[in-house]
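Here is the structure we will look at, set down as structure tokens.
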Amino acid sequence: WGCRFVASRERFHAYLRASGEHRDDGEAEEEEEEAGSEQSEPPAKRGRLSEHGLGAESQEGVGEGEKVPAERKRARGQNKSRQCMKPNHYEKSRLCPSVTQGCADKCYFGPRCRFLHDISEYMATKPADLGHSCVLFETFGKCIYGITCRFAKAHLGDGYQNIINTDLTKQWEGKSLVRNNLSKDLQHQLRKKKFSFKKADEYLRSLAKPHKNGGKGGKALGCSAEHLEASNCTMPQEGLGDSPECLVLPEEGGDPKQAALQSPVPIEGEGECPIKTAGLVTDEDIVKLRTCEKKKLEIQGKLYLAPLTTCGNLPFRRICKRFGADITCGEMAVCTNLLQGQSSEWALLKRHHTENIFGVQLEGAFPDTMTKCAELLNQTIDVDFVDINVGCPIDLVYKKGGGCALMTRTNKFEQIVRGMNLVLDVPLTVKIRTGVQEKINVAHKIIPKLREWGASMVTLHGRSREQRYTRVADWDYIAECAKIASPMPLFGNGDILSFEDANQAMQMGVSGIMIARQVAALLPLCFWALGALIKPWLFTEIKEQRHWDISSSERFDILKDFTNYGLEHWGSDTQGVEKTRKFLLEWLSFLCRYIPVGLLEHLPQKINERPPYYIGRDYLETLMASQNVDDWIKISELLLGPVPTNFTFLPKHKANSYR
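The C-terminal position of the sequence shown is numbered 659 in full-length UniProt numbering, with every residue numbered one higher than the one before it.
See below:
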């Protein structure tokens, strides 16, 4: 660290108070002093206590015989009881969507509608606009949110009529910017359980069939699944026998959703094709692709942006793609929620047109739900690979048998991998950890089995479940597993924060590296550090083999781009603005960990180096280094205007901030 930048906590906050704009000198100082007295030091900033008690400074004023207060337990895990701001907190009176879309006489809710239909009444209560330019109008020539847009002045004419730029709209006609949307028809089929899972049902029936050894298919799964896959690969139509499916695959370039909606009716008799075909029947109609004939995943030496819960949303992935990420993956989706047609879960599968290599990650604990979900996605969405999450350490997932628990349930694990591989036409990948317990590694035993079961690639996180995201990732063990996995590709994951770290990781023999959130520990002081979340330009640094001393204004421009992408994705009305703000604040809870290159005494920054309080080269750089929630909110207000009345925010993880 450059000594001239290091500051105490008091000096750090005093600088922000003195340099902050639009604050009254009197009231603001009192508020900050009151807040400062209530704030507790963040765990990342506390020094290690001595073995015999508190430090010298803390023991001042403590008389003999008085008990020294015990250190407060370090905050960890999730803020499960945090308040959730719902749309009705932002707007008490909302305009009916039928009015926004220009068809007020055809209100979907009819006489039961609780929304406003009077534009004048709505405008009297609508919050003030946040700016004079609307990103949707400037980009696409039309803002679909019309009068409800928080930047409506940019595209409203006389009588609150929505202005349309016909030249721009013509440029976007017929172009699909975001794919993998959930249609109403498909959602209805899933909710009414009318979607047909032909291949999955056949596979699950094979697991239940008794075998020569007297057990069920689950106990002799290897033989059963291999026989089923061989029959699908080699047998002609008249020899299908126990295989009742004759699924007609959609033509290349066709709409996968339409193919799903035209799925065949339930089977009436086994051995009989239920589909009435028209025209010639080709081999592609009746023969399943062999594993070796599936589309190959060309990923050797590429940079993989890991699926990141909450923060790995579509706008953030667009930011990372711009900085050089080669492979992107959606956030972890729970298979049971997808099978139920939940819109919030299907939103995690959306793919932007700039994501040229894109996959989705599924979490589940049982072969029936995971296999059916894989078949559902295979027919309805456009992806390049499907990933199974066997690395999630959280209790909610682990106690239900999913995530890391599958590493100890090898029978179910095998059934899931074989079943999903059987119904998918795209490669199947798996993400695992070193094991469940801290000093008992089992990944090297599982990886050869995964190759046998049909996995196309494995990603290994160099920590166990008990370690969660603490300790340093074990790259020596990752290198050992990479040799065992060959010729199957193995990606390594853990502690990549600079291009030197990436170079050292690639020398371990892995096929590529996955960049995600990383956590390290320095003695007992655990703190968050992040790869892609703390510095999305890390992809550029790795590809260009340099350290980028990015300025605060350049970082602020990145936040502007994220905000614009968020308004495109979630909407420019009040609800969309506040949703964008929520995800921006979650990201800021990680971005504050970034240490500017120009402030370091030596390069590169190591992931287990704990930064002290420091004053940056300008006010904005110092503000971005703050771990105070109120300062994050101040940054969001610079981009999205004032927060609503009674606005509250707590980050998802307790260790990410303090009040």
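Beta carbons: idealized from backbone N, C-alpha and C, even for Gly.
{"Query": "If you follow the alpha helix (DSSP H) that Thr540 is in, where does it begin and where does it stop?", "Result": "Leu538 to Glu544"}
{"Query": "Out of curiosity, what's the CA-to-CA distance linking Glu51 and Ala306?", "Result": "Any answer about Glu51 is weak, because its pLDDT of 36 lies below 50 and its placement is not dependable; what the coordinates show is given next. Going from the Cα of Glu51 to the Cα of Ala306 covers about 39 Å."}
{"Query": "Please classify Ile432: does DSSP put it in a helix, a strand, or coil?", "Result": "strand"}
{"Query": "Measure how close the beta-carbons of Lys142 and Thr169 come, nearest whole angstrom, since I'm counting them as under 8 Å.", "Result": "5 Å"}
{"Query": "Taking 6 Å as the limit between beta carbons, can you name the residues of its chain near Leu638, skipping five residues before and five after?", "Result": "none"}
{"Query": "Assess contact between the region 576-586 and the region 334-348, defined as three or more Cβ pairs (one per stretch) separated by less than 8 Å. Is contact present?", "Result": "no"}
{"Query": "Have a look at Pro111 and Asn180 and give me their C-alpha separation to the nearest angstrom.", "Result": "34 Å"}
{"Query": "Any idea if Tyr108 is buried or exposed, counting beta-carbon neighbours within 10 angstroms, 16 or more meaning buried?", "Result": "exposed"}
{"Query": "Check the C-beta distance from Cys404 over to Arg465 and give it rounded, since I have them as a contact under 8 Å.", "Result": "4 Å"}
{"Query": "Ignore the nearest five residues each way along the sequence and tell me which others in Trp537's own chain have a CB closer than 7 Å to its CB.", "Result": "Phe323, Trp548 and Ile550"}
{"Query": "Can you give me the C-alpha to C-alpha distance between Ile163 and Asn378, rounded to a whole angstrom?", "Result": "40 Å"}
{"Query": "How is Tyr145 classed by DSSP in three states: helix, strand or coil?", "Result": "coil"}
{"Query": "Nearest CA to the CA of Phe491: which residue from Lys579, Lys412, Asp387 and Gln467?", "Result": "Asp387"}
{"Query": "Per DSSP, Thr459 forms a beta bridge with which residues?", "Result": "Lys431 and Phe491"}
{"Query": "Could you give the C-beta distance for Thr328 and Phe358, rounded to a whole number, given that I count them as a contact under 8 Å?", "Result": "5 Å"}
{"Query": "Could you give the first and the last residue of the continuous alpha helix (DSSP H) run that contains Thr328?", "Result": "From DSSP, Thr328 is part of no alpha helix (DSSP H) but of the beta strand (DSSP E) over Thr328 to Val334."}
{"Query": "Per DSSP, what kind of secondary structure is Leu305 in: helix, strand or coil?", "Result": "strand"}
{"Query": "Identify every residue that forms a DSSP beta bridge with Gln187.", "Result": "Its beta-bridge partners do not exist; DSSP assigns none."}
{"Query": "Between which residues of its own chain and Val442 is the CB-CB distance below 7 Å, once the five residues before and five after are set aside?", "Result": "Met407 and Gly435"}
{"Query": "I need the DSSP call for Gly359, collapsed to helix, strand or coil.", "Result": "strand"}
{"Query": "Is the Cβ-Cβ distance between Leu297 and Pro427 less than 8 Å?", "Result": "yes"}
{"Query": "If you compare alpha carbons, which of His13, Asp395 and Phe5 is closest to Val629?", "Result": "His13"}
{"Query": "Mapping the DSSP letters down to three states, classify Ile595 as helix, strand or coil.", "Result": "coil"}
{"Query": "Which class does Leu156 belong to by DSSP, given the choice of helix, strand or coil?", "Result": "strand"}
{"Query": "Opposite Tyr614 in the DSSP bridges: which residues?", "Result": "Val6"}
{"Query": "Once the 5 residues before and after Thr148 are set aside, which same chain residues still bring their CB inside 6 Å of it?", "Result": "Leu95, Thr100 and Asp573"}
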